[in-house]
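Participant: Quick one: structure below, then a few questions.
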Amino acid sequence: MRSSSYSAMPARTLRALVVLALAAGAVVTAPNAHAETAPLAAKPYMGWSSWSMQSSKYPGLNPDGDYSYLTEANVLKQAGALAAKLKKYGYEYVNIDAGWWMDKAWKSGFDEYGRQKPDPTRFPRGMKAVADDLHAKGLKAGIYLPAGLEKGAYGDGKTPIWNAEGCTTADIVYDDLRTTNGWDSSYKLDFAKPCTPKYIDSQARLIADWGYDFLKLDGVGPGSGKSGDQYDNVADVAAWNKAIAATGRPIHLELSWSLDIGHATDWKKYSQGWRVDTDVECYCNTLVSWENSVDDRWDDTPAWTRHAGPGGWNDLDSLDVGNGAMDGLTKAERQSYATLWAIAKSPLYTGDDLTRLDTYGLSLLTNREVIAVDQGPNPPAHPVTPSDPQQVWAAQNTDGTYTVALFNLADKPASVTADWSTLGFTGKAAVRDLWNHENLGTHKNRITEALPAHGSRLFTVTPHGTTLRWTGIEAEAPSNTLSGNASVADCPACSGGKKVGDLYAGGKLTVNGVVVPKDGTYQIKVAYVSGDARSVNVSANGGAGTVHKFPSTGDWGTVSSVHVPVTLKAGTNTLTFDSGTGYAPDIDRIDVPQS
Numbered sequence: 006m007r008s009s010s011y012s013a014m015p016a017r018t019l020r021a022l023v024v025l026a027l028a029a030g031a032v033v034t035a036p037n038a039h040a041e042t043a044p045l046a047a048k049p050y051m052g053w054s055s056w057s058m059q060s061s062k063y064p065g066l067n068p069d070g071d072y073s074y075l076t077e078a079n080v081l082k083q084a085g086a087l088a089a090k091l092k093k094y095g096y097e098y099v100n101i102d103a104g105w106w107m108d109k110a111w112k113s114g115f116d117e118y119g120r121q122k123p124d125p126t127r128f129p130r131g132m133k134a135v136a137d138d139l140h141a142k143g144l145k146a147g148i149y150l151p152a153g154l155e156k157g158a159y160g161d162g163k164t165p166i167w168n169a170e171g172c173t174t175a176d177i178v179y180d181d182l183r184t185t186n187g188w189d190s191s192y193k194l195d196f197a198k199p200c201t202p203k204y205i206d207s208q209a210r211l212i213a214d215w216g217y218d219f220l221k222l223d224g225v226g227p228g229s230g231k232s233g234d235q236y237d238n239v240a241d242v243a244a245w246n247k248a249i250a251a252t253g254r255p256i257h258l259e260l261s262w263s264l265d266i267g268h269a270t271d272w273k274k275y276s277q278g279w280r281v282d283t284d285v286e287c288y289c290n291t292l293v294s295w296e297n298s299v300d301d302r303w304d305d306t307p308a309w310t311r312h313a314g315p316g317g318w319n320d321l322d323s324l325d326v327g328n329g330a331m332d333g334l335t336k337a338e339r340q341s342y343a344t345l346w347a348i349a350k351s352p353l354y355t356g357d358d359l360t361r362l363d364t365y366g367l368s369l370l371t372n373r374e375v376i377a378v379d380q381g382p383n384p385p386a387h388p389v390t391p392s393d394p395q396q397v398w399a400a401q402n403t404d405g406t407y408t409v410a411l412f413n414l415a416d417k418p419a420s421v422t423a424d425w426s427t428l429g430f431t432g433k434a435a436v437r438d439l440w441n442h443e444n445l446g447t448h449k450n451r452i453t454e455a456l457p458a459h460g461s462r463l464f465t466v467t468p469h470g471t472t473l474r475w476t477g478i479e480a481e482a483p484s485n486t487l488s489g490n491a492s493v494a495d496c497p498a499c500s501g502g503k504k505v506g507d508l509y510a511g512g513k514l515t516v517n518g519v520v521v522p523k524d525g526t527y528q529i530k531v532a533y534v535s536g537d538a539r540s541v542n543v544s545a546n547g548g549a550g551t552v553h554k555f556p557s558t559g560d561w562g563t564v565s566s567v568h569v570p571v572t573l574k575a576g577t578n579t580l581t582f583d584s585g586t587g588y589a590p591d592i593d594r595i596d597v598p599q600s
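Rendered as structure tokens:
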């Protein structure tokens, strides 16, 4: 309902049409429910979330017990800092996380209709007053709820449902009171019962009347550490989509956490964002740590990349790079953390204490060139090299340039090279350093940077060379040699309709007839399929080879590619993909650069 015929309609008329559509069974996505506003999630959202500081053991953050940081006063203090320091850079959401309806002992409170009720100690003026204050600062207000009917709201099944005559909590859950969500803290809603959607409607109406612009729905499955029918909350998410649309208020719906990529189509249909991983917080004496779990994102993000775009984004969780020692990271780690979030086009919401950002942290959060990578029209980057300790990620931009990131994820310094052939061209290119706002001149064929442990660089690369030509060889070609368990299998997504799989326990694929014009190291493009990250030893002409880890493609029906450096001799060569003692990815084809 975004055609021009609706653009001049009064909000009241449009809202009535939406309600009629819903009554007819239509699914109306939240971005389109209110034609007078811009679509939700046209670009990744930016802002602040309370959870990182609530969950940390850092001295002084939670003096009244675990998670005690969350109060009206602290939220508004952070909002004031956001408005003063970050709003002009695009940060606008202030998201209140779990606990707003719980007392300091983490005991929940509910209203007479089984809906979460703000704790009077944490939020003495209630949630609407907080939203009003945020709006007065030109900011947007976010709130949080778990999936399902919380156990404390059940009330022996006798609690009435708001605006649903005759319906009680017994009429919206399964008779056996099976639990759901990532903590089993709620009873699973039974959407075969007619009263059930009315409970979601009542929650949506409440947060809309309070004036909230964002809802984080947490513990959603499949995901959140749980699987199986009991933890399948797709119906809940669909109901929230409808309920939000029926309110007539645009509310961004964000899903959490570690969502099942097998349901990516559902998350994209019904929400504006989805967490792809575990909590980034370490639940320790800092906000985060490199090992738990910032570094996991380089492994877990690639499979999701193709699902991100206007209307819905892959959420990598909070970006805690602004507070120095409280973050628990080195300067190099803070920059790499921010670099990955930006090139992946994740929402940029920090969980730092905005009242005491250090100079370096402020520079990371307010670098306009890096923010433009995240917020601009270009696609998210993906790895163009394997998931080895030294990695290159890239995206081809709409103007013909490339966003290129170099990462050294090793625990000691190392050099990282971005070879222009991995971008599809050869020759010269101009390079701009985005973090340092510096033009680095023209580089021929590649750029190499010495990086500290866990370090990174971020560039815009403007090609002035020529497009590479490639020679493709299908993995299943009859001229190739299969050893051990290796076999040819059908693959509708693969270039020749087939692939070589069963590369495990010594299974090998040897690609014969690899011809190059002269001796040298070539970046061979390998198209592959792998539902999880897998390693393979790649060697040439019977040599020892190198083990490379290929990132997950997300499932066993999607093809991705990475470039592997291989030293070849002039003339005809062989390339071998050896599974060794483990499991290797399925191979679709290789492409050999002609120069």
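First residue of the sequence shown: 6, per the numbering used here; consecutive thereafter. The C-beta atom is built at its ideal place from N, Cα and C for all residues, glycine as well. Because the structure is a prediction, the values reported are computed rather than measured.
(1) Considering only their Cβ atoms, is the gap separating S294 from D282 smaller than 8 Å?
(2) Exposed or buried, which one is N246 when buried takes at least 16 other CB atoms within 10 Å?
(3) Does G460 come out as helix, strand or coil in the three-state DSSP assignment?
(4) Taking 8 Å as the threshold (C-beta atoms), are V567 and V520 in contact?
(5) Assuming G366 contacts G329 (C-beta within less than 8 Å), just tell me the rounded distance between them.
(6) Is it buried or exposed for A31, if we count other Cβ within 10 angstroms and need 16 for buried?
(7) Flag this pair as touching only if the region 442 to 452 and the region 382 to 402 have three or more C-beta atom pairs under 8 Å; answer yes or no.
(8) Any chance you could list the alpha helix (DSSP H) runs of at least 4 consecutive residues sitting entirely within the region 81 to 162, in chain order?
(9) To which residues of the same chain is L211 closer than 6 Å at the C-beta, ignoring the five residues directly before and after it?
(10) Okay, do the region 251 to 258 and the region 227 to 241 touch, 3+ Cβ pairs below 8 Å being the bar?
(11) Reducing DSSP to helix, strand and coil, say where A21 ends up.
(12) Is DSSP giving S8 helix, strand or coil here?
(13) Please classify D596: does DSSP put it in a helix, a strand, or coil?
(14) G147 and N100: beta carbons closer than 8 Å?
(15) Helix, strand or coil for L473, going by three-state DSSP, please let me know.
(16) Pull up the distance between the alpha-carbon of G470 and that of S426, whole angstroms please.
(17) What are the start and end residues of each continuous beta strand (DSSP E) run of 3 or more residues lying completely inside the region 388 to 462, in chain order?
(18) Relative to the alpha-carbon of W561, which residue among K93, A549, V534 has its alpha-carbon at the smallest distance?
(19) If you draw a straight line from the alpha carbon of A28 to that of A248, how long is it in whole angstroms?
(20) Using the C-alpha atoms, what's the distance from Q528 back to M6?
(21) Could you check where the beta strand (DSSP E) with V519 kicks off and where it finishes?
(22) Kindly identify the DSSP beta-bridge partner or partners of S544.
(23) Starting from R183, trace the alpha helix (DSSP H) in both directions and tell me its first and last residue.
(24) When the distance is taken between beta carbons, is L428 closer than 8 Å to D438?
(25) Specify the secondary structure class of G317 as computed by DSSP and reduced to three states.
(26) Return the chain-ordered ranges of every alpha helix (DSSP H) run that is complete within the region 323 to 381 and spans a minimum of 4 residues.
(27) Helix or strand or just coil, what does DSSP make of L27?
(28) Just list the beta strand (DSSP E) runs in the region 473 to 506, keeping only unbroken ones of 3 residues or longer that don't cross its boundaries, in chain order.
(29) For the beta strand (DSSP E) that contains L222, what are its first and last residues?
(30) Using a Cβ distance threshold of 8 Å, determine whether the region 406 to 422 contacts the region 368 to 375, with at least three qualifying pairs required.
(31) To the nearest angstrom, how far is it from the Cα of S544 to the Cα of V571?
(32) State the DSSP-derived secondary structure class of D271, mapped to helix, strand or coil.
(33) Would DSSP call A532 helix, strand or coil?
(34) Assuming contact is defined by CB atoms lying nearer than 8 Å, are V552 and S584 in contact in what I supplied?
(35) Just checking my contact of N383 with T403 at CB under 8 Å: how many whole Å lie between their CB atoms?
(36) Please classify D495 as buried or exposed, where buried requires at least 16 other C-beta atoms within 10 Å of its C-beta.
Facilitator: Taking the structure as given:
(1) With contacts defined by Cβ atoms closer than 8 Å, D282 and S294 do not form a contacting pair.
(2) Here N246 is buried: its Cβ has 16 or more other Cβ atoms, across all protein chains shown, within 10 Å.
(3) Shown here, G460 sits in a strand according to DSSP, grouped into three states.
(4) No, the Cβ-Cβ distance between V520 and V567 is not below 8 Å.
(5) About 6 Å; that satisfies the 8 Å criterion.
(6) Confidence at A31 is low in this model, with a pLDDT of 38, below 50, so the placement of that residue should be treated as unreliable; the coordinate-derived value is given next. It counts as exposed.
(7) Contact between the region 442 to 452 and the region 382 to 402 is absent, because fewer than three Cβ pairs lie under 8 Å.
(8) Counting only runs of 4 or more, we get 131 to 141.
(9) Same-chain partners within the cutoff: R120.
(10) Touching, no.
(11) Legend: pLDDT at A21 = 36, less than 50; position of this residue unreliable, value from coordinates given subsequently. Correct three-state label for A21: helix.
(12) Confidence is the limiting factor: at S8 the pLDDT is only 31, short of 50, which leaves the residue's position unreliable, though a coordinate-based value still follows. Coil, per DSSP.
(13) Strand, per DSSP.
(14) Contact flag set, yes.
(15) DSSP, reduced to helix, strand and coil, places L473 outside both helices and strands of the structure shown, so it counts as coil.
(16) Rounded to the nearest whole angstrom, the C-alpha separation of G470 and S426 is 10 Å.
(17) Taken in chain order, the complete beta strand (DSSP E) segments of 3 residues or longer contained in the region 388 to 462 are 395 to 401, 407 to 413, 419 to 424, 433 to 438, 443 to 449, 451 to 456.
(18) Looking at K93, A549, V534, the one whose alpha-carbon comes closest to that of W561 is V534.
(19) Its pLDDT being 35, under 50, A28 is placed unreliably in this model, and the value from its coordinates should be taken loosely. Rounded to whole angstroms, the separation of the alpha carbons of A248 and A28 is 11 Å.
(20) Residue placement at M6 cannot be trusted, given a pLDDT of 29 that sits under 50; what the coordinates show is reported in the next sentence. When rounded, the distance between both Cα atoms is 48 Å.
(21) Counting along the chain, the beta strand (DSSP E) containing V519 begins and ends at 513 to 521.
(22) Answer is T581.
(23) The continuous stretches of alpha helix (DSSP H) do not include R183, and DSSP gives it neither H nor E.
(24) In this structure, D438 sits away from L428, with a CB-CB distance that is not shorter than 8 Å.
(25) In the structure shown, G317 sits in a strand (DSSP, three-state: E or B).
(26) Within the region 323 to 381, the complete alpha helix (DSSP H) runs of at least 4 residues fall at 336 to 348, 364 to 370, 373 to 380.
(27) Note that L27 scores a pLDDT of 35, beneath 50, so its modelled location is shaky; the value from the coordinates is reported in the next line. Helix at L27.
(28) 475 to 479, 486 to 488, 492 to 495, 503 to 506, all fully within the region 473 to 506.
(29) Judged by DSSP secondary structure, L222 falls within the beta strand (DSSP E) whose first and last residues are 219 to 223.
(30) Touching, no, given that fewer than three Cβ pairs across the two stretches are closer than 8 Å.
(31) The straight-line gap from Cα to Cα measures roughly 7 Å.
(32) Note: D271 maps to helix in three-state DSSP.
(33) DSSP places A532 in strand when its eight states are reduced to three.
(34) No, the Cβ-Cβ distance between V552 and S584 is not below 8 Å.
(35) Going by Cβ atoms, the distance from N383 to T403 rounds to 6 Å, so yes, they are a contact pair.
(36) Its Cβ having fewer than 16 others within 10 Å, D495 is exposed.
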